[in-house]
Amino acid sequence: MRDACNTKAVFNGAVNKKADERTQEERWAVLTQSAYALFSGAPHDDEGTSEHFAWTRADVVAAVATAAGLLARLENLP
């Protein structure tokens, strides 16, 4: 998904802007990149950071809903 939408490049151009100065594409890139960063912690137990992650059922439901929504959006992009 990040490759298909060029998310990393768009995110890198948007990350230092104020939120109200970002384009819609940049806002989607920030959401996608943030979701990726959050989800990447789940399979890891890096000392001092993700080793302390605790996923509740509500967290997982929110994460799955976010991923599903982003994938559904991707399916409809030109």
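For the sequence shown, this note's numbering begins at 1048 and goes up steadily by one. Using N, Cα and C, we set each Cβ at its ideal position, and we do this for glycine too. None of these values were measured; they are calculated from a predicted model.
Please say whether residue j and residue i have beta carbons closer to each other than 7 Å?
{"i": "valine 1057", "j": "glutamate 1073", "result": "yes"}
{"i": "leucine 1118", "j": "threonine 1079", "result": "no"}
{"i": "methionine 1048", "j": "leucine 1124", "result": "no"}
Just tell me which of the options has its CA closest to the CA of residue i.
{"i": "serine 1097", "options": "Arg1049, Leu1085, Lys1055, Glu1122", "result": "Leu1085"}
{"i": "valine 1062", "options": "Asn1123, Ala1076, Asp1106", "result": "Ala1076"}
{"i": "serine 1087", "options": "Ala1051, Cys1052, Ala1110, Ala1115", "result": "Ala1110"}
{"i": "cysteine 1052", "options": "Lys1064, Glu1094, Gln1071, Val1108", "result": "Gln1071"}
Report, in whole angstroms, the separation of the C-beta atoms of residue i and residue j, which I expect to be a contact under 8 Å.
{"i": "alanine 1082", "j": "threonine 1113", "result": "5 Å"}
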